[in-house]
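**Q** To start, I am sharing the structure in question, which I have written as structure tokens.
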Amino acid sequence: MSAGEYQQATRASVRGGGGTTPVAARSRLLSFVASGAPLVAVIVAAAVFAPWIAPYGEAQFVGGVWDPPSAQHWLGTDNLGRDMVTRLVFGARNTISIASLATALAFGLGVLLGFAAAAIGGWLDTLVSRAMEILLAIPVLISALMVLSVLGNSLPVLVVTIGLLESTRVYMIARAVARTIVVREFVAAARLRGEGLGWLLAREILPNTLGALAAEAGLRFSFIFLFIASLSFLGLGIQPPAADWGSMVRENAQAIDFGLPVPLYPAAAIAFLTIGVNRLVDRYLAAIARPGAT
Amino acid sequence: MSGRRTHPVLRIEGLSVCSAAGLVLVDDISLQLAGGEVLGLIGESGAGKSTLGLAALGYARGGCRITAGRILLGGTDLRLLDAEALRRVRGRRVAYVAQSAAAAFNPALRLIDQICEAPVRHGLSTRRAAEQRAIEAFRALDLPDPEVFGRRYAHEVSGGQLQRAMAVMAMACAPELLVLDEPTTALDVTTQIEVLAQLKRLIARSGTAALYISHDLAVVAQIADRLLVLRQGKLVETGPTAALLARPQTDYARALVAERGGAAARAAPAQGSEVLRVEGLAVRHGRRDAVSDASLRIEAGETLAVIGESGSGKTTLAYAICGLVPAHAGRVSLAGVQLAADYARRSREQLRRLQLVFQLPDVALNPRQSIASIVGRPAQFYFGTRGPALAGRVAELLGLVGLDPALAGRRPGELSGGQKQRVCIARALAAEPDVLVCDEVTAALDPLIAEEVLQLQRRLQEQLGLAYLFITHDLATVRRIAHRVLVMWRGRIVAQGATAQVLGEGRHPYVNALCASEPEMRPGWLEETLARRAAEAQAGPFQSAGGT
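What follows is the structure, encoded as structure tokens:
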């Protein structure tokens, strides 16, 4: 992701006539940093390589309760004496993987159903739309709490539950955007050719809705990420001793009473990832808004 | 004509606009425009007319840049304004009527919401007052059910109606300068003169200055006080309308003036086999009959033109034949085999043999697909052509419609209107059809380009033995391309027969009216026609007699 982003930044500056002057180089660097790509890249790299990067084991007790930062423990230790940096790195791994899977599921389902409802219309549209509206009417947190307390909170259940609940939001966006596309003549031309539903959805509608869907994807990922954090905070998300940023906030919340900044580290990690992802999406949207861009 | 006021509404000095690739689109153009004055911008597509028109709003299309010159609107240089100040100028002091109303309206919002947005947002009027004015304007422009017209969505009204709604939207803020980009191109001749007369009155009464962009010299002659002829971004000739039409000074202007000459009607081709037969076709929109009891037949190698004003059911007829709009009665048969009313129940082979070319190439091509995949897809879909053979077929098809095969890698947004329509024709040809249904294919093109497309279609017909169902509102096109003509009026076929016969002596009164509405290239024609119409108004509507 970062390499592509960098190429894009480079290409943009070449197009803009930017040479190799120090000013141009600096503005290029600034624009690259501002794109959110380095931020996301660092967090994703930490998530992927967690076992090799982390100085200690995920649930290894290495010190006292809330030890202050030191040479051994850069951000100190948590409420049980585990290394904070290690917990953050593993937390990235757990939280991002679940959030990505749930986002992918929400998009796969929501986009497919939304496009199909818009393209086919009629009773299918009515049926699916009403079903989605019923799901939408119940607060996500309540539904999730119900499902998770009944089915238990294993990882697959967590991913599927969040994915399904969030797919209602994606469905609404996908259907609305697709409805403005299906009335265009090029869709009529494809229908008249005898093209199947798959072609209509994937080749005629999808490419023309990518902008809106990308914007939604960035937002949705952040929401799902925060949602997992809230579930973990309530004790229904990822289970201990596995680390995740939401439960790390909860476990260390009391440190605030002692004037310690410990819960702010995972909170800051959540904030950074959210900002990074949204910056990346903004950059992508700006890129596809250029005429002639793909 | 100019200098009625000491301070012109618009003054452009030495304006140049360049594309991202460094191409000069508008080259050192200067002009000025007083209140109540109409300047006609004339030239073929790609001449920079629209680019110049947009520059008058201080706007350059994506990728383009205004590189030199001043654009003074009532003394303010638009190039010096920041984005916020420009936003306040646009829509309020300058308004724009786009070439393709279909692309200019948001398909997800009701028309009235879009029309009332500008005056309300600019704080010029309340929503209620704006709505009231819009309804009055709908009525003045003869739109059906003016009270509720605005509640429709863009795709629920005809192309002509949408174009008029767009004019209503532009005038909503009573701007100082109105930029009209081919506003009547998509309209049929009878509607066109109504709209022209309405625009002319509107401009004269409000003192709005107008830039009228068109490729149709005959239309511009009716409305413009002065003309400015553009070619490849450069000013070719400028002067008062009457003088320029009477004595064009340059070769290019002479060619433009001469283009609108008549051509003899085509003789019927040798008796071919019948390919398409339609019997008693009827389509209902709600409780209204959009098309009733339509019957026609087309033979191989023959062109049947369907003419009529907008809303007469021409496009609906074409869509019903193709199965896009379900007919509630009647039969369509292709080479003797009856087709299902709904395209979804027709076989792939039946779909292949009947191809439709849409009116507006802007929306008929998927903006996110390359020309190669657009043109190649039917060949791949119907004949399983792939790999190098497919690339060869695409190049062949592009060559057939007179396009450079190098365009295959481009996207529709990078082509001109004429090129896009050629791509649409190439896509239809890729299916190797028997019948080509052409819905106003030249309506959005300027005459020189349209003439090329018509010649292309004649050539293809001779080469491939295609049958055309050719929907148009332009009688000159009919005379040039059609063997037989079918005239529609309010969903009914009122006349049908050989072109010379239907358009010749003893023609149906409605055909008479159509012919009389065809603009002639001299100032004053509009007023004469309107006066004659008013005199004829007592005669009442035409009788919907059966066809011959």
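Chains A and B are the protein sequences, given in the same order.
Residue numbers for the first sequence follow this note's numbering, so the first one is 794 and each next one is one higher.
Residue numbers for the second sequence follow this note's numbering, so the first one is 129 and each next one is one higher.
Backbone N, C-alpha and C fix where the C-beta goes; we use that ideal spot for every residue, glycine too.
1) Per DSSP, residue 198/B forms a beta bridge with which residues?
2) Quickly, what does DSSP pair residue 413/B with across the bridge? List them, please.
3) Please state whether DSSP places residue 1032/A in a helix, a strand or coil.
4) What does residue 235/B reach in chain A if we use C-beta pairs closer than 7 Å?
5) Which ranges would you report for the beta strand (DSSP E) in the stretch 569-598 of chain B if only whole runs of at least 3 residues count?
6) Run down chain A in chain order and give the residues with a C-beta less than 8 Å from the C-beta of residue 450/B.
7) Measuring only the C-alpha atoms, how far is residue 600/B from residue 309/B?
8) Round the Cβ separation of residue 445/B and residue 985/A to the nearest angstrom and send it over; I've been treating them as touching at under 8 Å.
9) Give the DSSP-derived three-state secondary structure of residue 1078/A in the structure shown.
10) Buried or exposed: where does residue 343/B fall if 16 or more other Cβ atoms within 10 Å of its Cβ makes it buried?
11) Cβ of residue 324/B within 8 Å of any heavy atom in the ligand ZN?
12) For residue 854/A, which three-state DSSP category applies?
13) Return the Cβ separation of residue 409/B and residue 419/B in integer angstroms, given the expectation that the two are a contact with Cβ distance under 8 Å.
14) What are the uninterrupted segments assigned as alpha helix (DSSP H) that are 4 or more residues long and contained completely in the stretch 629-653 of chain B, given in chain order?
15) To the nearest angstrom, report how far apart residue 910/A and residue 918/A are at their CA atoms.
16) My assumption, with CB atoms under 8 Å, is that residue 840/A sits in contact with residue 889/A. Please give the rounded CB distance.
17) Hey, how far is the Cα of residue 382/B from the Cα of residue 352/B?
18) Could you check where the alpha helix (DSSP H) with residue 916/A kicks off and where it finishes?
19) Determine the DSSP secondary structure at residue 658/B, reduced to helix, strand or coil.
20) Flag residue 1010/A as yes if its beta-carbon sits less than 9 Å from any beta-carbon of chain B, otherwise no.
21) By the 10 Å Cβ neighbour count, where 16 or more other Cβ atoms means buried, how is residue 516/B classified, buried or exposed?
22) Are the C-beta of residue 1074/A and some C-beta of chain B separated by less than 9 Å?
23) Take residue 427/B as the anchor and find which of 643/B, 594/B, 356/B has the nearest alpha-carbon.
24) Just how far apart, CA to CA, sit residue 573/B and residue 360/B?
25) Counting contacts by CB-CB distance shorter than 9 Å, is residue 1000/A in contact with chain E?
26) Spatial neighbours of residue 255/B within its chain, please: CB distance less than 8 Å, with the 5 preceding and 5 following residues excluded, ordered by chain position.
27) Taking its Cβ as the centre, do 16 or more other Cβ atoms sit within 10 Å of residue 930/A, making it buried, or is it exposed?
28) Whole angstroms is fine: what's the gap from residue 138/B's alpha carbon to residue 224/B's?
29) If you draw a straight line from the alpha carbon of residue 648/B to that of residue 325/B, how long is it in whole angstroms?
30) Under 9 Å between C-beta atoms, does residue 495/B make it to chain A?
31) Against residue 979/A, what residues of chain B qualify as contacts under a CB-to-CB distance less than 7 Å, listed in chain order?
32) Counting Cβ pairs closer than 8 Å, one from the stretch 174-186 of chain B and one from the stretch 151-161 of chain B, do we hit at least three?
33) Rounded to the nearest angstrom, what separates residue 868/A and residue 859/A at their Cα positions?
34) Would you say residue 886/A lies against chain B (beta-carbon separation less than 9 Å)?
35) Please state whether DSSP places residue 893/A in a helix, a strand or coil.
36) Assuming residue 948/A and residue 1018/A make a contact with CB atoms under 8 Å, what is their CB distance in whole Å?
**A** So, from the listed chains and residues:
1) 141/B
2) 416/B
3) coil
4) 973, 976
5) none
6) 985
7) 21 Å
8) That belief does not hold up - the Cβ atoms of residue 445/B and residue 985/A are roughly 15 Å apart, past 8 Å.
9) DSSP places residue 1078/A in helix when its eight states are reduced to three.
10) buried
11) The ligand ZN is not part of the structure shown, which contains no ligands of any sort.
12) strand
13) 6 Å
14) 637-644
15) 4 Å
16) 5 Å
17) 18 Å
18) 915-930
19) helix
20) no
21) Answer is exposed; the Cβ neighbour count stays below 16.
22) no
23) Of 643/B, 594/B, 356/B, the residue nearest in Cα terms is 594/B.
24) The alpha-carbon atoms of residue 573/B and residue 360/B are separated by roughly 16 Å.
25) The displayed structure is made up of protein chains A and B, and chain E is not among them.
26) 244, 248
27) By the neighbour-count definition (other C-beta atoms within 10 Å, threshold 16), residue 930/A is an exposed residue.
28) Within the model, the alpha-carbon separation for residue 138/B versus residue 224/B is close to 14 Å.
29) Cα to Cα, residue 648/B sits roughly 14 Å from residue 325/B.
30) yes
31) Against chain B, a Cβ distance below 7 Å from residue 979/A picks out 491, 492, 493, 494.
32) Three or more pairs of CB atoms, one per stretch, sit closer than 8 Å, so the stretch 174-186 of chain B contacts the stretch 151-161 of chain B.
33) Taking the straight line from one Cα to the other gives about 9 Å.
34) With 9 Å as the cut-off, residue 886/A does not count as an interface residue toward chain B.
35) helix
36) In fact, because the Cβ distance is near 15 Å, the residues do not count as touching under 8 Å.
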